[in-house]
Every structure is written in structure tokens, then in C-alpha cells.
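Residue numbers (this note's numbering): 62 to 333.
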Ligand code: SF4
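In C-alpha cells form, the structure reads like this:
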């Protein structure tokens, strides 16, 4: 019998915890916004990595670097030229779409080349873009996600970042906990988990953070998910704008709903 429960993936959980109103606009009201420039560059690198590691899985060798960077470039151009387009902040609009597009292509190409040279050789791919769905039992939704690269012995998640991650980033990552729980459920073992970063400094560099979860670390995740499920069910959607201090992501540069958000713009009349 097909599973009819809705699925909740990490980006939704992360969005709900950062701003539940943003979650409401996107997933309850269905107001889908185009991706931002950073997300489009990141997707460009991910498409290139997928090609590179698939070639390694099939032939034992990575793809030629030009083919990898071409894939990154094509993904960014495709996003900018698609009917959906790319979300530009006011600053980016002032800079000009062509200039922003060129910079996004450069960023994706540099990240793809850096990954190809430094991170891709470290991975021994057995399953690429491994999709999983987890029924936690008694939950109104299933968890779902995609493991970027499953080595068999380790799972990898590829990231791009503007600055080097904190040393304990992998230790603190809820995403790693959730993906480790998925791997335990799928394969009966808790994996080594690695975050492979391309850091977009002037001269790009890579950082690999490795961690391994203990079984006892899964219970707090499940409790947190129960609260989120309860919040969604009861339609509890607080504004990030109400946090003190207001978080950095509650800003017109990072939140596409900012200009129409009742939590920040004072465009609604409040009856008192
Ligand atoms: S503007 Fe702030 S409060 Fe409103 S949806 Fe965006 S992040 Fe949330």
C-alpha cells in the first residue's frame, strides 16, 4: 500500500525552527519564491559534484575538470534563464542582473573545480544522491532526505560556505543526527558522517569535519521533531522578527517574504 503521509525534510525542519512564519508562507500557503543567488550557486556545485562522483562510481575515475565546471555553469545559467528565475535582493537589483549572474557563475565554477581537486578524490562513492524516507511511527509525517554520497563506511554532505565552519559544526549538526538515524534504520549501522566544505575565501579552500553519533543522541532529535509536528498541527507559527535580538536572516536580503511580512513591515492595520 502506498505511503500517504506527508514528508518533512531537513530544509523544512530548519526553516520552521529559524522562522515558523516563513515555513507557513512557503509550505502552508504555498507561496513559492525563486531561490536566492547563493542557493543557485550552491546547486550549481552540487550538480557538478553529482556528475563527477557518478563518473567515479561508474569508471573508477573522476570526470575531466572542464566537464565538471561546465555542468556547474550550465546549472546556474539554467536557473537564471528559467521562467521561475532567481530572487534578487534590492542591492543585487541595483548591481544589475547580468553582473550578479556572472558572479554566481564564477562562484559555482570555482567551487566545483575546488571540490573536484580536493574533496572528490577523498570520496569512495557507492550510492550518490541516496534518497531515504523514514517512518517514525505515530508521527503525522515521515522524514525524508537525500544523502549526497554514501561511501558504505561514511556518509558525506557537501557544503559551500563564506567562511570556515566552526570546529564543532559537525558535532552540533541536527542534519547529521537525522541522516545518521536514517542510515541506522536503512542499513543497521550508525555511520561516520563527514561534512565536506568548499570555503569561498579569496583563494578557495576545503575543510572536512568528521563525526559519529551515539544512539543516545537520537532521542532528543525525535523529541524536537514531536514539538515541531505539534506546532505545525496547532498552527503555531511565530515570527523570527519577534526574537530579541532579531536574527540576521530576518532581513530583506535573506528573506523573500520580508516586504509583505506582517511581523516586520507594519503594513497591516491593527485594531486595538
Ligand atoms: S521577514 Fe522575518 S519574520 Fe517575516 S517571514 Fe521573513 S524571517 Fe520570518
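Where is the CB? At the ideal position from N, CA and C, for every residue including glycine.
{"Asked": "Which whole-angstrom value is the C-beta distance of residue 212 and residue 186, which I expect to be below 8 Å?", "Found": "7 Å"}
{"Asked": "What first and last residue would you give for the beta strand (DSSP E) that runs through residue 263?", "Found": "That residue, residue 263, is in no beta strand (DSSP E); it is neither H nor E in DSSP."}
{"Asked": "Could you check what DSSP says for residue 212 in three-state terms: helix, strand or coil?", "Found": "coil"}
{"Asked": "How far does the beta strand (DSSP E) with residue 193 in it reach, from first residue to last?", "Found": "188-195"}
{"Asked": "Assuming contact is defined by CB atoms lying nearer than 7 Å, are residue 207 and residue 259 in contact in what I supplied?", "Found": "no"}
{"Asked": "Could you tell me the boundaries of the beta strand (DSSP E) in which residue 70 lies?", "Found": "68-70"}
{"Asked": "Got a sec: does the ligand SF4 put a non-hydrogen atom nearer than 6 Å to the Cβ of residue 302?", "Found": "yes"}
{"Asked": "Note down the Cα distance separating residue 239 from residue 279, rounded to an integer number of angstroms.", "Found": "8 Å"}
{"Asked": "Among residues of its own chain, excluding the 5 on either side of residue 66, which ones have a beta-carbon nearer than 6 Å to its beta-carbon?", "Found": "202 and 203"}
{"Asked": "Can you give the beta carbon distance from residue 130 to residue 173, rounded, assuming they're within the 8 Å contact cut?", "Found": "5 Å"}
{"Asked": "With distances taken Cα to Cα, identify the nearest neighbour of residue 139 among 111, 165 and 243.", "Found": "165"}
{"Asked": "Among the residues of its own chain, which have a CB less than 6 Å from the CB of residue 81, if the five just before and after it don't count?", "Found": "298 and 299"}
{"Asked": "In whole angstroms, what separates the C-alpha of residue 69 from that of residue 194?", "Found": "9 Å"}
{"Asked": "On the DSSP letters alone, give me the boundaries of the alpha helix (DSSP H) that residue 291 sits inside.", "Found": "279-294"}
{"Asked": "Mind reading off the beta-carbon distance from residue 305 to residue 325? Whole number of angstroms is fine, and I expect it under 8 Å.", "Found": "Wrong, their Cβ atoms sit about 14 Å apart, outside the cutoff."}
{"Asked": "Going along the chain, which residues of its own chain have a beta-carbon closer than 6 Å to the beta-carbon of residue 229, five neighbours each way excluded?", "Found": "none"}
{"Asked": "Compare the Cα-Cα distances from residue 74 to each of 293, 314 and 104 and report the closest residue.", "Found": "293"}
{"Asked": "Distance check for residue 133 and residue 107, CA to CA, integer angstroms please.", "Found": "8 Å"}
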